[in-house]
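Just below is one structure, and these are the notes that go with it.
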Amino acid sequence: MTLLEVVVRAASVLAAFLVLPLLVGQAEHKVMAHMQGRLGPMYAGGFHGWAQLVADGVKFVQKEDITPKAADRWVFRLAPGVALVPYLLALAVVPVHPGVAAVDVPGSVVLVLAATSVGALGTLMAGWASANKYALLGGLRAAAQLVSYELPIVLSVASVALAGGSLSLATLTDRWEPLWLVWQLVGGVVFLVAAVAELQRPPFDMPVADAELVMGAWTEYTGLRFAFFLLAEYAGIVVMSLLFAALWLGGWHGPFEGVLGWVWLLLKGFAVALVVIWLRVAWPRLREDQLQRLAWVWLVPLALLQLLLTGVGVVMGW
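The opening position of the sequence shown corresponds to residue 155 in our numbering, with each subsequent residue numbered one higher.
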C-alpha cells in the first residue's frame, strides 16, 4: 500500500466520520419532528433547517470550556476523546464495497466489538472524574449497562461469525445469503436492542436521564467537550447501523453491487438508523431494574438460543 493510498483512505474515513453522524443527527431532528407532529428546526441554512447541526457546532465552539475545581482534571478532559475516537477506529474496518475497506485486518469483527466497548467507557470516566454525585450515578449506570448488554452483542455477532466461518467483516458480508434473514433473525433483533442500550439511547438512556440525573455523566461538561459526547452518540449509531447492515442485511449485496455496493450499504445502514430513531420516539424510558431484567432474562438466553441454532445449522450443512 503506497503512502498516497494510505492518505486517501484515512481522509475518506475521517470525512465519513464527520459527515455521516451529522446526517443521522439531522434525520433525527426531522424524523422526530414529523413523528411528534411539529416542525423542528427550520431556519438555519434555509431549506428545512439543513444547517442546524452546523449552527449547533458553532455554538458549542463559542462556549466556555469549564473544568470543575474538584474534578480529576486529566481524566475529565480525556473522557470525551475516549468516547469518540474508538468509533472512528471501528468505522475504518467496516467494508463499504466488495473488496474495499479503509483498513482490512484479520478478525475485524473482534476489533469492532472491542472498539465499541471502549467507547462506552468514556461515559464512565466522565462520571467518575466530575466530582458530582449526579455524574457519578450516571457513570455507574453506564458501567452496569455496558456489562449487561455487551454479552448479548458478542453472542449474536458470534452466531453470524459461526454461520459464515470467519471473523472478517468483509468475508462474512461476502458469504451472506438471503436465508440468514430468517436463520439469524433472533440474533439480529438481540443485537439491535443491545446496541441501542450500549449507546445509551432511549428507551435505555438511564445514564443520562435528565429528569433524574440532570444530564448524568455529562452534567459538568460544557462547550466543545459536551459536543464531542453528542457526536460520539451519533457516530455510535452510524457504526452499529453499518455493522448490522453488513452482518444481517448483506451489506453491499444488491442489484449492480459491483458498482453500487457502497450505496446499498449506506441505504441499509440509514434504514437501521431510522429504526433507532423510531425507538426513541415510540418507547418510554425503562427503569433500571427493567433494564437489567431485559438483558439477563431475555436477551442473553435468546442470544444463546441463536448460537445453538446456528451451531446445529452448520453441523447439518444448511
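All C-beta atoms in this analysis are idealised placements derived from N, C-alpha and C, irrespective of residue type, glycine included. Keep in mind the model is a prediction, meaning the values are calculated, not measured.
What does the alpha-carbon distance come out to for the pair GLU352 and VAL239?
Each residue's alpha carbon lies about 16 Å from the other.
Residue ranges of each alpha helix (DSSP H) run of no fewer than 4 residues wholly in the segment 343 to 397, ordered along the chain?
You should have 364 to 367.
In three-state terms, what does DSSP make of VAL259?
DSSP places VAL259 in coil when its eight states are reduced to three.
To the nearest angstrom, how far is the alpha carbon of PRO332 from that of PRO195?
Their Cα atoms are separated by approximately 40 Å.
Threshold first: 3 residues or longer. Then list the beta strand (DSSP E) segments lying entirely within the segment 269 to 328, N to C.
None, since the segment 269 to 328 contains no complete beta strand (DSSP E) of that length.
Out of LEU453, ALA289, LEU177 and VAL259, point me to the one whose CA is closest to ILE307's CA.
If we check each option's Cα against that of ILE307, LEU453 comes out closest.
Going by beta carbon distance, what residues of the same chain come within less than 7 Å of GLY179, once the five residues before and after it are set aside?
LEU207 and TYR388.
Taking the straight line between their C-alpha atoms, what separation do you get for LEU433 and LEU445?
When rounded, the distance between both Cα atoms is 15 Å.
Give me the Cα-Cα distance between VAL185 and GLY471, rounded to the nearest whole angstrom.
VAL185 and GLY471: Cα-Cα distance of roughly 43 Å.
How would you write the range of the alpha helix (DSSP H) that ASP443 sits in, first residue to last?
Start and end: 442 to 447.
May I ask you to list the residues that DSSP assigns as paired with HIS251?
Answer is VAL254.
Taking the C-alpha atoms as reference points, what is the distance between PRO329 and PRO356?
Note that residue 329 corresponds to Arg in the displayed sequence, not to Pro. Cα to Cα, the separation comes out at about 33 Å.
Contact check, ALA317 vs TRP337 under 8 Å by CB: the rounded distance?
Between TRP337 and ALA317 the Cβ distance is about 7 Å, and since that is below 8 Å, they are a contact.
My understanding is that LEU326 touches VAL343, with C-beta atoms under 8 Å, so please give their C-beta distance in whole angstroms.
About 18 Å separates the two Cβ atoms, so there is no contact after all.
Rounded to the nearest angstrom, what separates ALA478 and ARG163 at their Cα positions?
An answer regarding residue 478 cannot be provided, because it is not within the stretch 155 to 472 covered by the chain.
Identify the continuous alpha helix (DSSP H) that holds LEU335 and give its terminal residues.
Residues 334 to 337.
Measuring CA to CA, which of ALA400, ALA449 and ARG447 is closest to VAL254?
If we check each option's Cα against that of VAL254, ALA400 comes out closest.
Would the beta-carbon of ALA256 fall within 7 Å of that of VAL167?
Yes, the pair counts as a contact, with Cβ atoms nearer than the cut-off.
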